[in-house]
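Chemist: Sequential numbering of the sequence shown, starting at 3, is according to the numbering used here.
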Amino acid sequence: MTTPAVTQALQKLLPSKLPPSLTSRPGSLYTVLSRYSKDGVGQRVHQVRWGSKGIEKCYWEVTRTKLKLGGTHGRAWGRLVWRGKQISEKEEEIRGGLKYTWATGVSQAPPNFAGLSPKASPQPTKYKKQPPKSS
3 MTTPAVTQAL QKLLPSKLPP SLTSRPGSLY TVLSRYSKDG VGQRVHQVRW GSKGIEKCYW
63 EVTRTKLKLG GTHGRAWGRL VWRGKQISEK EEEIRGGLKY TWATGVSQAP PNFAGLSPKA
123 SPQPTKYKKQ PPKSS
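(1) Could you pull the start and end residues of the beta strand (DSSP E) that Gln49 belongs to?
(2) Would you mind stating whether Lys59 and Arg85 have Cβ atoms separated by less than 8 Å?
(3) Hey, would you say Thr33 sits closer than 8 Å to Gly73, going by beta carbons?
(4) What I want to know is whether the C-beta of Gly44 ends up closer than 7 Å to one or more non-hydrogen atoms of the ligand MN.
(5) Out of Asp41, Tyr61, Thr25, Lys14, which one is the CA nearest neighbour of Gln110?
(6) Between which two residues does the beta strand (DSSP E) carrying Val34 extend?
(7) Could you please give the first and the last residue of the uninterrupted alpha helix (DSSP H) stretch that includes Val8?
(8) Closer than 8 Å is the cut-off here; do at least three beta carbon pairs connect the region 46–54 with the region 8–22?
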């Protein structure tokens, strides 16, 4: 058990701004995976945009990685779970590692997400019949 005094002493030793390797903010897939031991094998990652679109319970479970250039580039493989159901029977390459923003965990919609509301269909325009033009 740690006492509050020990906790405060440890916090004073840490820098006020954590290095990028210790932050949990979203980034490219390879940057996010490089923060973990074994280059992120076993982690669950998702695209941030899935949550903003209301797509929940979706993630990739990383099974293999090959990172290079200090974790800024590479390749990653895993199994896709989409809306709670495993889609991938065997591991496949995770696409969009640099194109999209990734975070660890399972995708969740924001608390104030209203969902996609259907558009009101416009009323068809009614045209009056015009008399034929006389020349």
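Glycine is no exception: its CB is placed at the ideal position from the N, C-alpha and C atoms.
Modeler: This is what the structure holds:
(1) Start and end: 46–49.
(2) Yes, these two residues count as a Cβ contact at 8 Å.
(3) Result yes, Cβ atoms of Thr33 and Gly73 sit closer than 8 Å.
(4) Inclusion of the ligand MN in the displayed structure is not the case, the ligand content being empty and no account of it being possible.
(5) The shortest Cα separation from Gln110 among Asp41, Tyr61, Thr25, Lys14 belongs to Tyr61.
(6) First-last for Val34: 31–36, but that is the alpha helix (DSSP H), not the beta strand (DSSP E).
(7) Membership of Val8 in the alpha helix (DSSP H) is indicated by the continuous run 6–15.
(8) Note that the region 46–54 does not touch the region 8–22; fewer than 3 beta-carbon pairs, one per stretch, sit closer than 8 Å.
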